[in-house]
Amino acid sequence: MAKLNDAEIAQALAALPGWSIKDAKLHREYRFPDFPHAMGFMMTAAPSIERANHHPEWFNVYNRVVVDLTTHDSGGITQKDCALAALLEGIAAKLA
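Written out as structure tokens, the structure is:
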């Protein structure tokens with residue numbers, strides 16, 4: 003998968019509200035009402051993530067889930083990361 007250039011990343015970010023670039027990765031912090039919602043988000047996303055074989059760098063503290071996306075094999079952000087970000091947005095919207 004080809005690494006996206008700056009213009010392609012900017013275009014992708016325009017379609018991903020709340021996402022930014024941090025440390026050369028797509029970055030987003032989600033806040034949910036409580037711990038069960040945060041864990042529900044992660045567990046709901048897990049099967050789709052596993053099927054895509056494209057795993058996020060993420061961590062959870064109480065009601066927060068921090069996500070960083072990059073395609074290590076490509077050395078940066080690719081369309082896979084943008085697709086995963088969009089998937090996570092859809093899941094988060096249903097749980098908020």
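Per my numbering, residue 3 is the first one in the sequence shown, and the count goes up by one each step. Idealized CB from N, CA, C, for every residue including glycine. As the structure is a computational prediction, the values presented were derived from the model and not from experiment.
Are any of the Cβ atoms in chain D nearer than 7 Å to that of residue i?
{"i": "phenylalanine 61", "result": "Among the chains of the structure shown, chain D does not appear; only one protein chain is present."}
If I'm right that residue i touches residue j with Cβ under 8 Å, what's the distance once you round it to whole angstroms?
{"i": "alanine 47", "j": "leucine 90", "result": "6 Å"}
{"i": "leucine 6", "j": "isoleucine 51", "result": "With 8 Å as the limit, leucine 6 and isoleucine 51 do not qualify as a contact, their Cβ atoms being about 20 Å apart."}
Identify whether residue i lies in helix, strand or coil by the three-state DSSP scheme.
{"i": "leucine 89", "result": "helix"}
{"i": "aspartate 25", "result": "coil"}
Check each candidate in the options and name the one with the smallest Cα separation from residue i.
{"i": "valine 63", "options": "Asp70, Lys24 and Phe37", "result": "Phe37"}
{"i": "valine 69", "options": "Asp75, Gly92, Met44 and Ala12", "result": "Met44"}
{"i": "arginine 66", "options": "Gly92, Lys24 and Ala98", "result": "Ala98"}
{"i": "alanine 17", "options": "Lys24, Asp75, Trp60 and Ala88", "result": "Ala88"}
{"i": "aspartate 75", "options": "Asn55, Gly92 and Ile23", "result": "Asn55"}
With residue i as the anchor, note down where its alpha helix (DSSP H) starts and where it stops.
{"i": "histidine 39", "result": "37-54"}
{"i": "aspartate 70", "result": "Taken as a continuous stretch (DSSP letters only), aspartate 70 belongs to no alpha helix (DSSP H), being part of the beta strand (DSSP E) at 66-71."}
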